[in-house]
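Read the structure below first, then the notes.
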Amino acid sequence: MSEILIKNGIVFDPLNGINGETLDIAVKNGKIVDLSQINPSTALVIDAKGKVVMPGGIDIHSHIAGAKVNIGRLMRPEDHYLTNKPHKLPIRRAETGLTVPNVFRIGYDYARMGYTLVVEPATPPIKTRHTHEELDDIPIIDKAAFLLVDSNWLALDLITMGSRELLASYLAWLLSTTKTYSLKLVDPGSDITWVLTGRGIDIDDQIPAYNITPRDIIREMGYAAQLLDLPHKLHIHCNRLGYPGNYLTTIKTMDITKDIPRLSDTPVLHVTHVQFTGYKGDCWSTLESGGEDIAKTLRANPHVTLDLGQVILGRPSTTMTADAPFEYVLYHLTRWKWVNADTEVESAAGIVPYAYKKRSYVNTIQWVIGLEIALLTSDPWRVIPTTDHPNAGPFKDYPVMFSWLISRRAREELMKEVNQRALRKAVLPALETEFTLYDLAIMTRAAPAKLLGLGKFKGHLGIGADADIAIYDLNPKEVDPSREYEKFVKSFKRAWLVIKGGEIVVKEGEIVKTVYGKTYYAEPEIPVELKKELEAFLAKKFKEYYSITKDSFIIREHELRNPVKIPLETRIKG
Ligand SMILES: [Zn+2]
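Residue 212 in numbering that gives the first Met the number 0 sits at position 213 of the sequence shown; the count goes up by one each step and never skips.
What follows is the structure in structure tokens.
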């Protein structure tokens, strides 16, 4: 691997406290090294004078692989036939799709924007072999997947029994067996309720056939994540997603952190795509933003983090979620295409195409909520900009979303076109907050790296970090991104140069080389004394619930293209 010397870049590297200083960066063997470690006369020299240099971007929540993503592709041929980009072998494969791109476009488009690590946030255990097959085929970026455990019958049994240590052991077994990274709760307890009764439930409602509530699931899973010391503790899509009035459920969910004993420093809960659960009002016609209340609750709960699920107005989307009850409701609002599925004893899912319209009252309120939460909280370390791709908009539009965060002018321009009745009910028009490029580097690099527990070697440009680097053709000394936001969007849509693992993969917004990244997974240890008890439990429950044996779940390391195991010492007692 060649040596690279990036000279005179304007560097934004928050984990190392570097805010726009002009610096040189040396790369050797896929890592960032001290300048003395490379030979400047033979290294490839890149003149980054007048350009922004940041670590590779990290997306903590984007639906990029697995069964429901693939069904989304199948049900939307219209998403593909006008968006083809023929292959250019041996440099890159053919690309297609906007809201649900093919595997190649996912990797290439993320790389074009300077993103180098993306997390698939929802894979049912039984379907995870498929998820890995697709993750393996996505070029360039590193990946990880979160495992769906919100309506898993075995987990619900253990919570009902009050078997905390056995629950943690079962989750440890599931994570290492499926080669996944952390735990995901989607509308806890609702999928099983929907299967049995045809409706979802709120946080304190009783789950049919179990003597527990969603609140119990969140608390006990949160505690299990502490026992396992997962690098990213618990990722949660709150109950009642998509329903007016649900901001109260989100606030109650955030407050559950007070009932979860904290055994490590990392945040206890990460509430995902909070926009979809930030609705005030009794019905769609009285819908209002719950942004102010959520921002206030976040400030009072230091152990909670969020990502936005920011709506991109004027774009089509394909909504897809394990929240089957909500997709059922959404289909009855849109009446076009719809898929719902039940996943044995683990989960469910639904897919419904949708379009966010600028003139729509409801869609404008949705657009307002994400931005209000980010701007009112004003804490780039705890609020991560995402679109919950493809639910609130395609990830390709991230630079447009960033422009609303860094430029009041960009927001005002769009506000001229949106539903004015909705805007009159919002505080957004009065907000003057504008994030800086340094804040943006926190929100898209440093903070997600820390929230994933990968901050040692991801999300920064210090010595020893992985050489994942994005360079943008934007000179902040000459261009004020707040005033000239179009120039900012253009440069962040197509990075000037991207280095992944020490290799140049993008030049002037185009792919120049295809490499394959790593897949991170957690392997929490299970105490020997509990292994026997777990084996007996699994044998009994698989026989009782599943149509397959537990051996079908086991994904071996050699099945993944570039697996990286994160071994975890746990606090489970035998
Ligand atoms: Zn999602």
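Built from N, CA and C at the ideal position, the CB exists for glycine as well.
Buried versus exposed, by CB contacts within 10 Å (16 or more), residue i
i: Ala-299; result: exposed
i: Trp-335; result: exposed
i: Met-414; result: buried
i: Ser-35; result: exposed
i: Met-160; result: exposed
i: Val-527; result: exposed
i: Leu-450; result: buried
i: Gln-274; result: buried
i: Thr-271; result: buried
i: Glu-219; result: buried
i: His-459; result: buried
i: Pro-447; result: buried
i: Tyr-80; result: exposed
i: Arg-75; result: buried
i: Gly-501; result: buried
i: Gln-365; result: buried
i: Ala-294; result: buried
i: Thr-386; result: buried
i: Gly-16; result: exposed
i: Pro-85; result: exposed
i: Ser-346; result: buried
i: Glu-371; result: buried
i: Asp-264; result: exposed
i: Lys-531; result: exposed
Proximal residues to residue i (C-beta, below 6 Å), its chain only, five neighbours per side dropped
i: Leu-155; result: Tyr-209
i: Asp-438; result: Pro-379
i: Asn-238; result: Asp-186, Asp-201, Ile-202, Pro-213 and Thr-248
i: Ala-110; result: Ile-139, Val-497, Val-504 and Val-505
i: Glu-601; result: A query on residue 601 cannot be resolved here, the shown segment of the chain reaching from 0 to 573 and no further.
i: Arg-381; result: Thr-304
i: Asn-101; result: Thr-95
i: Lys-251; result: Ile-202
C-alpha distance - residue i paired with residue j, whole-angstrom precision
i: Asn-245; j: Asp-204; result: 14 Å
i: Thr-587; j: Glu-534; result: Lying outside 0 to 573, the shown extent of the chain, residue 587 is not represented and no answer is given.
i: Pro-393; j: Phe-103; result: 15 Å
i: Thr-248; j: His-236; result: 11 Å
i: Gly-574; j: Gly-463; result: Nothing can be reported for residue 574, as the shown portion of the chain is limited to 0 through 573.
i: Arg-314; j: Tyr-355; result: 6 Å
i: Leu-227; j: Ala-47; result: 43 Å
i: Glu-431; j: Ala-409; result: 12 Å
i: Leu-146; j: Thr-363; result: 32 Å
i: Ala-66; j: Thr-82; result: 22 Å
i: Lys-564; j: Val-338; result: 35 Å
i: Asp-136; j: Gly-454; result: 25 Å
i: Gly-452; j: Gly-308; result: 21 Å
i: Asn-38; j: Lys-6; result: 14 Å
i: Leu-4; j: Leu-422; result: 49 Å
i: Ile-31; j: Glu-558; result: 29 Å
i: His-269; j: Val-194; result: 26 Å
i: Ala-321; j: Ser-1; result: 44 Å
i: Gly-241; j: Gly-280; result: 12 Å
i: Ser-377; j: Pro-89; result: 45 Å
i: Leu-374; j: Trp-403; result: 10 Å
i: Leu-233; j: Asp-149; result: 11 Å
i: Lys-539; j: Pro-230; result: 31 Å
Sequence-distant residues of its chain with Cβ nearer than 8 Å to residue i (five each side left out)
i: Cys-282; result: Pro-243
i: Asn-561; result: Tyr-515, Gly-516, Lys-517 and Thr-518
i: Tyr-544; result: Trp-152, Leu-153, Glu-343 and Val-344
i: Ser-162; result: none
i: Ser-406; result: Glu-433, Pro-480, Ser-481, Arg-482, Tyr-484 and Phe-487
i: Leu-529; result: Glu-164, Leu-165, Ser-168, Ile-571 and Gly-573
i: Leu-262; result: Gln-225, Leu-226, Asp-228 and Arg-570
i: Asn-69; result: His-129 and Glu-133
Nearest-angstrom beta carbon gap, residue j and residue i [assumed within contact, 8 Å]
i: Leu-134; j: Glu-119; result: 7 Å
i: Asp-467; j: Gly-55; result: 3 Å
i: Asp-575; j: Ala-25; result: Lying outside 0 to 573, the shown extent of the chain, residue 575 is not represented and no answer is given.
i: Ile-105; j: Ile-59; result: No, Ile-105 and Ile-59 are not in contact; Cβ-Cβ is about 16 Å, not under 8 Å.
i: Ile-125; j: Phe-552; result: 7 Å
i: Ile-57; j: Leu-116; result: 5 Å
i: Val-44; j: Ile-9; result: Incorrect: roughly 17 Å between the Cβ atoms, too far for contact.
i: Asp-23; j: Thr-317; result: The Cβ separation is near 43 Å, so there is no contact.
i: Thr-127; j: Ala-144; result: 7 Å
Neighbourhood of residue i by C-beta distance below 7 Å, restricted to the same chain and skipping five residues each side
i: Phe-401; result: Pro-384, Leu-439 and Phe-491
i: Ile-259; result: Arg-218, Gly-221, Tyr-222, Gln-225 and Val-267
i: Asp-465; result: Gly-29, Lys-30, Phe-456, Lys-457 and Gly-500
i: Phe-541; result: Thr-548 and Lys-549
i: Glu-416; result: Lys-357
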